[in-house]
Structure formats: structure tokens, C-alpha cells
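Below is one structure, written out as C-alpha cells; comments come after it.
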Amino acid sequence: LTSVLLGISSSIAFWWLRHRFPKVYEPCDDRPSKPSPGAGAFGWAAASYGVRVENVIEHVGLDHAMLLEFSHFSMRAMLCIGVPALAVLGPLHAQATGNAADELSRISLSNAGAEAWLVWVHACFVWYVVVVMLALLWHVQRHRFRPRRRRWLQAMPEPRATTVLVEGIPEGDRTEVSLSNFFDKIFGHKAVKRVAMVRDTSELLPLLAARDALAESLADARS
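Quick note on our numbering: the sequence shown kicks off at 829 and runs consecutively.
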């Protein structure tokens, strides 16, 4: 009941805020590939349902799209695990002879009491969860995450697509030639076009300033 009331109140609040502050909640992009919410109370729900991951990648970037895809994955995981848990484990716990503290505890393992065979059912269900999650992860990684990530990287323009930030370089290899040779050896061919080193000059700059001051003083003394 609490979740239902919270969902209804959130929907009403969002509907009011959407009309009260349209610049915040209304889209500012008029491209036709993006679904536009209607003016009704639940127009946003229909538009949200019509959003496709490819449209999200096009309009707001890959990271937002992968977050949406992760939400889809979480819903599938909850459907494949939560429904069997409630349909199988819940009734088994409810018919047990344990002394449940309240009505909600009747469908939990704490109501199993002395019926140890229910623990073996849980052991089997644990392996069901492991197998299902591995299968879901393999499927979503192979068919949803990796292909989109690969297409996004291949479509990225230069120099963004060909620039790599390297940190923690050993002190003996902090030269352009050494770093270039390191990556060329990894890839097996000439893979580095140019190396730009960002150096800490906090100690060097005062020394250079002192050198310039001494050079200026020497020039004044000679003149």
C-alpha cells in the first residue's frame, strides 16, 4: 500500500511540476527521431515507453543509454528471480509449521521452523539464481553493451578517438621515445602517432626565473 501511494503521489507531483516549470521538464530538442510527450497527464509515460536506446545514444550520449540499458537488465533480472521466488518459495514458507511473528514473515525462511527440507530447496534456488544471472549477464554484455560500445568508439572522430591518457609512468620511462616504444611493442606495429608529456614544473619554474634574473643582472653589469 505504501509503495502504491508513493507511486501515485510521485506521478501527480511530476505532472504538476512538468506544467509549472516547462523549461526544466520539456525537451529542448526538436529532432523528429525523439518521441515528444503529449499534453495529457500521462503523456510523459507514453513518450518514455516509446524511447529507444539508439535514440538516447544519438541525443544524450552513450553513458545515459547504458544506464537505461542497465535498468532494463535489472528489471529482467528481478522478473526472472523475484517471480519464481514468490511463486515457489513463498507458498512453501507459508505452509511451514514455524511460528511467524507477523503475516509478512509467513512467506520468509524464518517460518520454516523444524522443516529442514526447505533449506535444500533454497540451496537449489541459489544455483538457479547463479545460472540465471550468468545467462542474463552474458546475453546483455554480448548483444547490448559491447556492440553499442564498439559502434560508438568506431564512430568517434579524431583526435578524441585516438587519444589515450596514461598515468603512473615509471620514472625511467618518462620520455616520448620510451612511451612510444612501449605501446608499439604491445600492438606489434607502429601504433603511436605522437606523444605529449604533461610535466610537473613547480620546481623548475622558480629556477628558470632565478636564471633569467641572474642573466639580466650580468648583462647590466657588463654594460
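Every residue, glycine too, gets a C-beta built ideally from N, C-alpha and C.
Proximity below 9 Å, CB of residue i to CB of residue j
{"i": "L917", "j": "L937", "result": "yes"}
{"i": "M894", "j": "F973", "result": "yes"}
{"i": "W872", "j": "F842", "result": "yes"}
{"i": "V1023", "j": "S1008", "result": "yes"}
{"i": "V881", "j": "R976", "result": "yes"}
Straight-line gap, residue i to residue j (C-alpha atoms, nearest Å)
{"i": "R904", "j": "W966", "result": "13 Å"}
{"i": "Y956", "j": "V992", "result": "41 Å"}
{"i": "V968", "j": "L890", "result": "15 Å"}
{"i": "I836", "j": "A1019", "result": "57 Å"}
{"i": "A951", "j": "V959", "result": "13 Å"}
{"i": "R934", "j": "A924", "result": "8 Å"}
{"i": "E897", "j": "H971", "result": "11 Å"}
{"i": "I885", "j": "S902", "result": "19 Å"}
{"i": "P919", "j": "V949", "result": "12 Å"}
{"i": "E931", "j": "Y853", "result": "42 Å"}
{"i": "R988", "j": "K1013", "result": "22 Å"}
{"i": "Y877", "j": "N939", "result": "40 Å"}
{"i": "S1051", "j": "A1037", "result": "21 Å"}
{"i": "F1010", "j": "E986", "result": "22 Å"}
{"i": "R978", "j": "T990", "result": "14 Å"}
{"i": "S1045", "j": "E999", "result": "36 Å"}
{"i": "K1021", "j": "F1015", "result": "13 Å"}
{"i": "R1039", "j": "I997", "result": "30 Å"}
{"i": "K851", "j": "L845", "result": "10 Å"}
{"i": "S839", "j": "T1029", "result": "55 Å"}
{"i": "D1048", "j": "E995", "result": "45 Å"}
{"i": "N883", "j": "L1033", "result": "50 Å"}
Status (buried if at least 16 other CB within 10 Å, exposed otherwise) for residue i
{"i": "L1035", "result": "exposed"}
{"i": "H1017", "result": "exposed"}
{"i": "H892", "result": "exposed"}
{"i": "L834", "result": "exposed"}
{"i": "H900", "result": "exposed"}
{"i": "L946", "result": "buried"}
{"i": "H921", "result": "buried"}
Q: Check whether the region 992 to 1011 touches the region 903 to 913, taking contact to mean three or more Cβ pairs, one atom from each stretch, closer than 8 Å.
A: no
For the region 873 to 945, which segments carrying the alpha helix (DSSP H) assignment without a break, of at least 4 residues, lie completely within its bounds, in sequence order? Look at the region 873 to 945 and you find these whole runs of alpha helix (DSSP H), each 4 residues long or longer: 881 to 888, 890 to 912, 918 to 922.
Q) Of all the alpha helix (DSSP H) runs that stay within the bounds of the region 1000 to 1037, which reach a length of 4 or more residues? A) 1004 to 1015
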